[in-house]
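Below is one structure, written out as structure tokens; the observations come after it.
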Amino acid sequence: MKATTIISLFLTGIGATVIATSAPASATTFGFNNITGGDTVGDAFAPNFSFNVTDYGSGKVLFKFLNNASSEQALKQVAFSVDSSVSGILSNIAVNVGNSGTVDFELSSQNLSQSNNISGWDGTTFGADTKGGNGNAVQSRESLGITFTGNYNAVLAAINAGTLQVGIHVGSLPRGASDSYVSTPPSQSVPEPSTLFGVGLVFGLASLSKANNGKKWKQKQFNA
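When we follow the working numbering, the leftmost residue of the sequence shown carries the number 185, and every step to the right adds one.
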């Protein structure tokens, strides 16, 4: 069998696999926004923080909180506010699931600072904050994982509708200041790593096949 035929068949199989693995996306990313009417000291740093919501399997969802700051900003508290219209959408909270770095949090029902300025905020239904010193907060390039029992699609719908809101408190800002932020829909889907690998493989093999065909055409012209 010719090499180009093998590559074509392989591309067909890989292409089908990519289509299968790319839908639906495994994770959805949300950003944070400043709290209107709240403190302004940390307004410029809100884009440095985000969280992913992932279908964790077995009826669980994973919230992964990310700190993409290049400086000393530290995420010290996470709070979830569940509206009474969707009560029961989350349960069985567990913290420190797949953390990166030296992050270590513990459960806490402490209300989020400045949350009195958040429209629809109904107190801290679930929450967690840093256990011990500042070194256990979510520092630059670190992450915190929190899981719940819950339906992935229902959770996404609630966040986008604002009936489930997520807030964070960040410290170690310039001059020792701190500030709070709240989740902001709309969401952005993130493909699985396997999907990205598959797409790259398809394009790579396609380029190889095209190059081989080009060489054969040039050889035919030379022989003629």
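Each residue gets a CB set at the ideal place from its N, CA and C atoms; glycine is no exception. Since we're looking at a predicted model, the values are computed, not measured.
Span of the alpha helix (DSSP H), counted from its first residue to its last, around leucine 296: Careful: leucine 296 lies outside any alpha helix (DSSP H) and carries neither H nor E.
Closer than 8 Å is the cut-off here; do at least three beta carbon pairs connect the stretch 211-228 with the stretch 295-304? Segments in contact, yes.
Taking the alpha helix (DSSP H) that valine 339 falls in, what are its first and last residues? Per DSSP, the unbroken alpha helix (DSSP H) holding valine 339 starts and ends at 336-345.
How many angstroms separate the CA atom of aspartate 227 from the CA atom of valine 366? In a straight line, the C-alpha of aspartate 227 is about 12 Å away from that of valine 366.
To test your reading of the DSSP string, which unbroken beta strand (DSSP E) runs of 3 or more residues are found completely within the stretch 239-321? The stretch 239-321 contains, as complete beta strand (DSSP E) runs of 3+ residues, the segments 244-251, 258-266, 275-279, 289-291, 310-314 (chain order).
Determine whether the beta carbon atoms of valine 354 and phenylalanine 247 lie at a separation below 9 Å. Pairing valine 354 with phenylalanine 247 gives a Cβ-Cβ distance that is not under 9 Å.
Mark alanine 361 as exposed unless 16 or more other C-beta atoms lie within 10 angstroms of its C-beta, in which case mark it buried. Counting C-beta atoms within 10 angstroms of its own C-beta, alanine 361 has fewer than 16 neighbours from the protein chains shown and is therefore classed as exposed.
Aspartate 363: which of Val225, Thr212, Asp288, Ile273 sits nearest, CA to CA? The shortest C-alpha separation from aspartate 363 is found at Val225.
Check the DSSP bridge columns for leucine 348 and list the partner residues they point to. In the DSSP assignment, leucine 348 forms a beta bridge with Val266.
Would you tell me roughly how many angstroms separate the C-alpha atoms of glutamate 326 and aspartate 288, rounded to the nearest one? Roughly 11 Å between the two C-alpha positions.
Tell me whether aspartate 363 sits in a helix, a strand or coil according to DSSP, three-state version. Assigned with DSSP and collapsed to three states, aspartate 363 falls in strand.
Any idea which residues DSSP pairs leucine 328 with across the strands? Leucine 328 is bridged to Phe249.
Excluding the 5 residues preceding and the 5 following phenylalanine 381 in the sequence, name in chain order all residues of the same chain whose CB lies nearer than 6 Å to its CB. Per-residue confidence for phenylalanine 381 stands at a pLDDT of 46, beneath the threshold of 50, marking its modelled position as unreliable; the derived number appears in the next sentence. Closer than 6 Å at the Cβ level, and outside the excluded window around phenylalanine 381, lies no residue.
For phenylalanine 264, tell me which candidate among Gly272, Gln323, Val322 has the shortest Cα-Cα distance. For the residues Gly272, Gln323, Val322, the minimum Cα distance to phenylalanine 264 belongs to Gly272.
So, are the CB atoms of glycine 346 and proline 369 less than 9 Å apart? It is a contact, given that the beta carbons lie within the stated cut-off.
Buried/exposed call for glutamine 257, threshold 16 Cβ in 10 Å: With 16 or more other Cβ atoms within 10 Å, it is buried.
On the criterion of 16 or more Cβ atoms from any shown chain inside 10 Å, does glycine 351 qualify as buried, or is it exposed? That one is buried.
Is valine 383 helix, strand or coil by DSSP? Note that valine 383 scores 40 on pLDDT, short of 50, meaning its location in the model is unreliable; the coordinates nonetheless yield the value given after this. Residue state, collapsed to three classes: helix.
CA-CA distance, serine 284 and glycine 307? Straight-line measurement puts the Cα of glycine 307 at about 28 Å from the Cα of serine 284.
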